[in-house]
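S.K.: Residue numbering for the sequence shown follows the numbering used here, starting at 73 and increasing by one per position. Glycine is no exception: its CB is placed at the ideal position from the N, C-alpha and C atoms.
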Amino acid sequence: MKKYFHQYRPFFVFLLKFFVTYGILTFCYQMYLNGFDSKTFETDGMTKFVAYQTEDLLQIMGQDAYTVPHFKQACMKLFFNGKYIARVVEGCNAMSVMILFVAFVVAFKGKLRHTLLFIIAGIFIIHVLNVLRIALLSMALFHYREYEHILHGVIFPLFIYGVVFGLWVIWVQKFSTYAKAS
73 MKKYFHQYRP FFVFLLKFFV TYGILTFCYQ MYLNGFDSKT FETDGMTKFV AYQTEDLLQI
133 MGQDAYTVPH FKQACMKLFF NGKYIARVVE GCNAMSVMIL FVAFVVAFKG KLRHTLLFII
193 AGIFIIHVLN VLRIALLSMA LFHYREYEHI LHGVIFPLFI YGVVFGLWVI WVQKFSTYAK
253 AS
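(1) Return the chain-ordered list of same chain residues with a C-beta closer than 8 angstroms to the C-beta of residue 159, the five sequence neighbours on each side being excluded.
(2) Does the distance from the CB of residue 93 to the CB of residue 182 come in under 8 angstroms?
(3) Mind checking whether residue 137 and residue 152 have CB atoms under 8 angstroms apart?
(4) How long is the line joining the alpha carbons of residue 221 and residue 74, rounded to whole angstroms?
(5) Which runs of the alpha helix (DSSP H), 4 residues or longer, sit entirely within the segment 135–214?
(6) Could you compute how far the alpha carbon of residue 243 sits from the alpha carbon of residue 133?
(7) With the cut-off set at 8 angstroms, would you say residue 157 and residue 210 are in Cβ contact?
(8) Should the segment 82–93 be called in touch with the segment 119–135, which here means at least 3 C-beta pairs below 8 angstroms?
(9) Count the other C-beta atoms from every protein chain shown that fall within 10 angstroms of the C-beta of residue 100, then say buried if there are 16 or more, exposed otherwise.
(10) Roughly how many whole angstroms lie between the Cα atoms of residue 208 and residue 200?
(11) Can you tell me whether residue 106 is buried or exposed? The criterion is at least 16 other CB atoms within 10 Å of its CB, across all chains shown.
(12) For the alpha helix (DSSP H) that contains residue 232, what are its first and last residues?
(13) Can you tell me where the alpha helix (DSSP H) holding residue 130 begins and where it ends?
(14) Out of 246, 129, 180 and 166, which one is the CA nearest neighbour of residue 228?
(15) For residue 245, tell me which candidate among 180, 188, 154 and 127 has the shortest Cα-Cα distance.
(16) Which residue from 240, 205 and 241 puts its Cα closest to that of residue 226?
(17) Taking only the alpha-carbon atoms, compute the straight-line gap between residue 213 and residue 130 and give it to the nearest angstrom.
(18) Look at the alpha carbon of residue 95 and the alpha carbon of residue 236, and state the distance between them as a whole number of angstroms.
(19) Only counting the same chain, and skipping five residues up and downstream in sequence, which positions put a Cβ closer than 6 angstroms to that of residue 239?
Structure (structure tokens):
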């Protein structure tokens, strides 16, 4: 048993760092969410931020878009060309994707400076692409509502997770200490 632990030590260290980082960040995020009143359907600040930025992006793209708080759910209602097109809920703010991204980067250690800069850049990229994702999804849903399941459930998640996977590959191959060793 000791032989196997020694042989697979790097893998176990990776798993430990990943799950500890993921657990701590998820706990902190949950504490943040608990600060909002669910009884009055108060939407968290990050979800509002993403909804407002999606509204701004759609308007920059020359589209008629606006958001308003939903009074019966903790989310923002997104209107596109005068039509209620989508709810921007807590899960739409990409925080869970960012937490997953950070946990992976931390688990594949690198120099502290590179790690911090890559995490900041990665979170920024994920955020920008998420706002773009919601804007494009809103436009697509306006014109192709019958494809909501495949657009919302397959194509756009595949896009965002594909980008995150690409960032992980770049991290492992270019910046982690693993990249230097191989």
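M.R.: Looking at the atomic coordinates:
(1) Within the same chain, residue 159 has close Cβ partners 142, 145, 147, 148, 149 and 150.
(2) Taking 8 angstroms as the cut-off, the beta carbon of residue 93 is found no closer than this to the beta carbon of residue 182.
(3) Yes, these two residues count as a Cβ contact at 8 angstroms.
(4) Whole-angstrom Cα-Cα distance: 49 angstroms.
(5) Counting only runs that start and end inside the segment 135–214, the alpha helix (DSSP H) elements of at least 4 residues fall at 167–179.
(6) Roughly 32 angstroms separates the two Cα atoms.
(7) Cβ atoms of residue 157 and residue 210: closer than 8 angstroms.
(8) Result no; under three Cβ-Cβ pairs closer than 8 angstroms.
(9) Exposed.
(10) Looking at the two C-alpha atoms, the distance is approximately 12 angstroms.
(11) So residue 106 ends up on the exposed side.
(12) In the DSSP assignment, residue 232 falls within the unbroken alpha helix (DSSP H) covering 228–242.
(13) Boundaries of the alpha helix (DSSP H) around residue 130: 117–132.
(14) Comparing C-alpha distances from residue 228 to each of 246, 129, 180 and 166 shows the shortest one belongs to 166.
(15) Each of 180, 188, 154 and 127 was checked against the Cα of residue 245, and the nearest Cα belongs to 180.
(16) When each option's Cα is compared against that of residue 226, the closest is 205.
(17) Distance between the alpha carbons of residue 213 and residue 130: 14 angstroms.
(18) CA-to-CA, the gap between residue 95 and residue 236 works out to about 19 angstroms.
(19) 194, listed in sequence order.
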